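Quick mapping for you: the protein sequence lines, in order, are chains A and B. The first sequence runs 4 to 380 under our numbering. The second sequence runs 55 to 212 under our numbering. C-beta atoms are modelled at their ideal positions from N, C-alpha and C, and glycine is treated no differently. Remember, it's a predicted structure, so these values are computed and weren't measured experimentally.
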Amino acid sequence: MRTGTLFDPIEQDLHTDEYKINMGPQHPATHGVLRLILTIDGEVIKNVEPDLGYIHRSIEKICERDNYRQIVHLTDRMDYLSSHINNEAVCLLIENALEIEVSDRVKVIRTILDELTRISSHLLWWGVMGMDVGALTTFMYGFREREMINDIFENTCGARLTMNYNVPGGLMWDIYSGFVRDTKAFLKHFKPKLKEYNDLLTDNIIFRKRTEGIGVLSKESAIAYGVTGPTMRGSGVSCDIRKLFPYSAYDRVEFEEIFMQGGDTFDRYLVRMKEMEQSIHIIEQLIDNIPEGETLEKTRAVIKLPKGEFYQRVETARGELGVYVISDGKKSPYRMKFRSPGFSNLSVINEIAVGHKIGDFVAIISTLDLVIPDIDR
Amino acid sequence: MGYFSDIIHGFKTLLTGMKVTGKYFFNARKEIITQQYPDNRDTLTFPERFRGRVDMPHNENNEHRCTGCQACEIACPNGSIEIIWDRVLNPETGKKKKAIEKHIYHLSMCTMCNLCIVACPTDAIVMTHEFELAAYDRSDLTFVLNKPGSKLMAGVEE
């Protein structure tokens with residue numbers, strides 16, 4: 004027993020220091036090649052600094068070289084899990100700029116595929132989320148259901164991930180003959196699975212302990228950092244582009260915008276789980292009455308946008324994707340800018356991760372649902 | 055009391071999860087989506103629209119449908135297609151006409167976006183179902199799509 008001294012010799016010898024470790028670029032828990040420089044004190048995170056640029060491909064610069072038809076396929080390579088929605092953003096921009104009105108058939112097919120894309124993206128996220136917090140089973144289950152969606156995509160447009168199904172003025176082809184049947188079969192198969200997922204992971208005590216109260220993102224900082232998508236709705240802010248600025252067939256379907264008030268990791272998790280239910284609901288409203296009509300409006304061989312600035316936003320599985328084009332009337336854009344949801348969502352990481360342990364940090368990145376090619380472009 | 059009820063609740067949630075995994079453990083044959091890939095090569099089925107390597111179909115007389123209009127070359131975002139063409143004298147009409155010498159396809163640059171197929175006015179090129187495209191040498195990734203000695207199919211140009 005040492006008493007009566009303010010100076011503790013043991014404390015002085017064994018005092019802890021802050022030090023830096025690299026998380027990534029090739030760390031399995033970072034969902035891609037993202038490098039995070041963590042300043043940690045023992046296990047506690049003091050500062051997070053994302054270091055981007057590892058897979059920068061200068062897609063925006065390539066867009067200035069390519070013509071408007073060719074730009075569409077590049078957006079597949081940004082957020083590869085929402086490739087159909089990315090394609091749609093560029094196509095909608097071109098259609099709006101040229102004042103082309105696509106038929107109802109195109110709008111409905113696009114919306115159905117958007118929602119299938121969203122479910123497929125959320126399924127992959129769910130699987131990986133479980134894996135990040137130590138439950139490998141979810142990864143297998145999530146990919147199992149995702150396979151059915153991928154098969155529908157493959158039958159529709161010949162590719163499973165980089166779809167390139169939207170073209171300016173409509174769709175590359177009509178849907179294949181079994182599309183409605185396959186989509187219905189998927190919905191029938193998928194609905195009971197959601198309950199299984201909740202039994203398996205959502206209600207799991209270990210998972211709950213690891214996510215509740217972790218990484219709380221307040222309403223104010225969510226707005227300040229420009230966070231969008233499920234990440235922001237987990238903090239209780241309305242930001243669904245499908246509701247606020249409806250495009251395609253979203254103005255004729257009924258669905259709920261999911262909110263949670265807490266803003267912690269578990270709330271962001273719940274938003275995505277409930278969004279899958281809403282996506283099913285949207286597809287169910289549309290799948291039985293796909294209207295007849297042209298699938299491709301006539302456009303000129305070389306598309307030239309009128310002079311000016313154009314902006315189009317869509318809701319991808321991760322948040323708001325904005326496409327901004329400055330056109331000087333030539334066949335390629337003068338400047339193209341993508342406002343990717345991943346980049347803004349990543350920027351909030353320092354705000355919500357500081358003070359947590361490294362193990363929790365993995366859960367936090369996981370619910371931000373980062374896709375690195377989307378951040379780096 | 056809260057301490058013990060927490061423990062019981064915790065076990066309950068774990069067992070609910072185990073029930074789900076147990077169901078699949080005992081019905082392991084159900085819902086298998088994986089394929090024994092290299093072994094099932096002969097029985098693989100492809101969707102009709104599958105996007106593999108680009109190819110130019112020839113008929114039995116070694117004739118293709120490519121007029122050398124270069125629409126695919128212009129449509130390609132990556133410069134994967136290169137067409138070497140020349141004006142060839144048609145012995146029947148006595149006029150010089152555009153004809154392809156070589157339709158070169160660089161697989162190494164191709165992203166399978168399908169824009170060339172859509173652009174082709176005569177349906178001369180198609181996406182095959184070929185997907186095992188790895189090669190040991192980069193030069194193996196460049197193809198000349200028109201076969202040697204092939205010529206334009208009659209009736210395509212009109």
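Residue i, DSSP secondary structure in three states
i	result
Lys205/B	strand
Met263/A	coil
Met166/B	coil
His87/A	helix
Ile48/A	strand
Asn169/A	strand
Ser124/A	helix
Val131/A	helix
Arg214/B	Chain B is shown only over 55 to 212; residue 214/B falls outside these bounds and no answer can be derived.
Arg211/A	helix
Thr234/A	helix
Ile115/A	helix
Lys360/A	strand
Leu373/A	coil
Met181/B	strand
Leu95/A	helix
Thr42/A	strand
Leu204/A	helix
Proximity test, Cβ basis, 8 Å: residue i and chain A
i	result
Asn81/B	no
Ile85/B	Correcting the residue identity first, residue 85/B is Glu in this sequence and not Ile. Yes, Glu85/B lies at the interface with chain A (some Cβ there is under 8 Å from its Cβ).
Cys167/B	yes
Thr97/B	no
Phe58/B	no
Arg119/B	no
Arg103/B	yes
Leu161/B	no
Pro131/B	yes
Ala76/B	According to the sequence as given, residue 76/B is Gly; it is not Ala. No, no contact with chain A.
Gly71/B	yes
Gly64/B	yes
Met187/B	Residue 187/B is actually Leu in this sequence, not Met. No, its Cβ sits nowhere closer than 8 Å to a Cβ of chain A.
Thr196/B	no
Leu68/B	yes
Start-to-end residues for the beta strand (DSSP E) that takes in residue i
i	result
Thr196/B	Thr196 to Val198
Ile158/B	Lys150 to His160
Tyr2/A	Because residue 2/A is not part of the residues shown, which for chain A are 4 to 380, the question remains open.
Asp243/A	Asp243/A -> no beta strand (DSSP E), and no H or E assigned at all.
Gly325/A	Glu323 to Ser330
Glu136/B	Ile135 to Leu143
Ile341/A	At residue 341/A the sequence reads Phe, which differs from the Ile that was named. Element bounds for Phe341/A: Arg338 to Arg342.
Terminal residues of the alpha helix (DSSP H) in which residue i lies
i	result
Arg68/A	Ile62 to Arg68
Phe313/A	Here Phe313/A belongs to no alpha helix (DSSP H); instead the beta strand (DSSP E) covers Gly311 to Glu318.
Ser282/A	Thr268 to Ile290
Gln73/A	Tyr71 to Leu77
Asp60/B	Gly56 to Phe80
Ile178/A	Looking at the DSSP string, Ile178/A is not in any alpha helix (DSSP H), and its letter there is neither H nor E.
Buried/exposed call for residue i, threshold 16 Cβ in 10 Å
i	result
Ile138/B	exposed
Met166/B	buried
Phe104/B	buried
Pro294/A	exposed
Pro195/A	exposed
Glu102/B	exposed
Asp44/A	exposed
Asn169/A	buried
Ile283/A	buried
Lys64/A	exposed
Asn113/B	exposed
Gly27/A	buried
Arg95/B	exposed
Ala100/A	buried
Met235/A	buried
Residue-level contact to chain B via CB, residue i, 8 Å cutoff
i	result
Ala227/A	no
Ala366/A	no
Ala92/A	no
Asp82/A	no
Gln73/A	yes
His76/A	yes
Asp69/A	yes
With 7 Å as the limit, tell me which residues of the segment 183-216 of chain A have their beta carbon closer than that to any beta carbon of chain B; keep them in chain order. Glu199, Asp202, Leu203, Asp206, Asn207 and Ile208
For the segment 119-150 of chain A, enumerate the residues whose C-beta is nearer than 7 Å to any C-beta of chain B, in chain order. The residues in question are Thr140, Arg147 and Glu150.
Closer than 8 Å, Cβ to Cβ, to anything on chain E: give me those residues from the segment 155-175 of chain A, in chain order. No chain E appears in the structure shown, which is made up of the protein chains A and B.
Output needed in chain order: residues of the segment 170-183 of chain B with a Cβ under 8 Å from some Cβ in chain A. Val172 and Met181
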